[in-house]
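Structure, as structure tokens:
In my numbering, the protein residues as written are 475 to 660.
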């Protein structure tokens with residue numbers, strides 16, 4: 475079985491260094507990255523996507539190109555940044571200095587104010603992965619992709635956090651046993 479993970483392409487919020495919102499549009503770079511990703515091969519039978527616009531745009535285009543069904547799954551959404559959403563890191567530092575200090579000390583156990591922590595997000599990723607039954611293309615977000623890689627490859631999240639998954643990153647995993655075939659950043 476093959477699993478290909480794609481990170482959404484660059485969004486306007488990414489370019490403004492804002493903790494992204496669900497409805498943010500692609501930037502001009504993101505549109506160019508999407509064209510590059512549409513040229514690649516995808517040996518899969520199903521396509522799954524986060525419900526966020528920046529993921530759905532790519533998923534819909536790939537579904538049409540590959541003539542494969544698209545399944546939108548809430549579990550593939552970005553981590554819920556809560557009150558940090560829509561703000562830059564500088565704004566967050568100014569408005570939430572105590573929370574930023576906690577976050578920097580222990581990012582894996584930090585719960586975003588009004589949002590979720592990595593354990594909740596990872597639990598979503600685990601539940602999703604356990605239901606996969608055939609080769610699939612999954613379009614999502616960096617932290618969620620790292621959580622899936624952690625689950626599939628049986629690595630600690632801390633180990634995988636060393637990987638950089640830029641906008642439009644493509645990760646190809648293959649089973650028997652599970653291994654990382656490739657990791658490409660655009």
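Beta carbons are placed, not taken as given, at the ideal position from N, Cα and C, and that holds for glycine.
Alpha-carbon spacing of residue 518 relative to residue 655, whole angstroms: Working through the chain shown from its first residue, we reach residue 518 at position 44. Working through the chain shown from its first residue, we reach residue 655 at position 181. If I take the Cα positions, the gap works out to 15 Å.
With a threshold of 8 Å, are at least 3 pairs of Cβ atoms found where one atom belongs to the stretch 607-626 and the other to the stretch 642-649? yes
Determine the direct distance from the alpha carbon of residue 482 to that of residue 499, and round the result to whole angstroms. Position 25 of the chain shown, counted from the first residue, corresponds to residue 499. Position 8 of the chain shown, counted from the first residue, corresponds to residue 482. Computed Cα separation, rounded: 11 Å.
Which of helix, strand or coil DSSP assigns to residue 626: Here residue 626 refers to the residue found at position 152 when the chain shown is read from its first residue. Correct three-state label for residue 626: helix.
Between residue 543 and residue 520, how many whole angstroms is the CB-CB distance? I'm expecting something under 8 Å. One-based indexing of the chain shown puts residue 543 at position 69. One-based indexing of the chain shown puts residue 520 at position 46. Residue 543 to residue 520, Cβ: 6 Å. Contact.
Close-in-space but distant-in-sequence residues of the same chain around residue 596 (CB under 8 Å, 5 per side omitted): Working through the chain shown from its first residue, we reach residue 596 at position 122. Cβ neighbours of residue 596 beyond the five flanking positions: 621, 624, 625, 631.
Cβ-Cβ distance between residue 660 and residue 565 below 8 Å: Taking the chain shown and counting its residues from 1, the one referred to as residue 660 is at position 186. Taking the chain shown and counting its residues from 1, the one referred to as residue 565 is at position 91. Cβ atoms of residue 660 and residue 565: not closer than 8 Å.
For residue 644, I'd like the list of residues in its chain whose CB is within less than 6 Å of its CB, leaving aside the five on either flank, ordered along the chain. For the purposes of this step, residue 644 is taken as residue 170 along the chain shown, with counting starting at 1. Correct list, in chain order: 480, 658.
Can you tell me whether residue 487 is buried or exposed? The criterion is at least 16 other CB atoms within 10 Å of its CB, across all chains shown. One-based indexing of the chain shown puts residue 487 at position 13. Looking at its Cβ environment, which holds 16 or more other Cβ atoms inside 10 Å, residue 487 is buried.
What whole-angstrom Cβ distance do residue 526 and residue 610 have, given they're in contact under 8 Å? Here residue 526 refers to the residue found at position 52 when the chain shown is read from its first residue. Here residue 610 refers to the residue found at position 136 when the chain shown is read from its first residue. Contact flag wrong, Cβ pair sits at about 18 Å.
Taking the C-alpha atoms as reference points, what is the distance between residue 540 and residue 512? To locate residue 540, count along the chain shown from 1; it is residue 66. To locate residue 512, count along the chain shown from 1; it is residue 38. Straight-line Cα distance between these residues: approximately 9 Å.
Residue 612 versus residue 576 - alpha carbon distance: Numbered from 1 along the chain shown, position 138 holds the residue referred to as residue 612. Numbered from 1 along the chain shown, position 102 holds the residue referred to as residue 576. Cα to Cα, the separation comes out at about 32 Å.
On a Cα-Cα basis, can you pick out the residue from 549, 588, 640 that is closest to residue 618? As a first step, residue 618 must be located in the chain shown, where it is residue number 144. When only C-alpha atoms are compared, the closest one is 549.
Integer-rounded CB distance, given that residue 524 should sit under 8 Å from residue 641: Translated into positions along the chain shown, residue 641 becomes position 167. Translated into positions along the chain shown, residue 524 becomes position 50. Not quite, the Cβ-Cβ distance comes to about 14 Å (not below 8 Å), so this is no contact.
Whole runs of the alpha helix (DSSP H) within the stretch 592-617, excluding any shorter than 4 residues: 592-604
Within 10 angstroms of its Cβ, does residue 684 collect 16 or more other Cβ (buried), or is it exposed? Because the chain here runs from 475 to 660, residue 684 falls outside it and cannot be looked at.
Secondary structure at residue 499, three-state DSSP: helix, strand or coil? Position 25 of the chain shown, counted from the start, is the residue given in the question as residue 499. Residue 499: coil per DSSP, three-state reduction.
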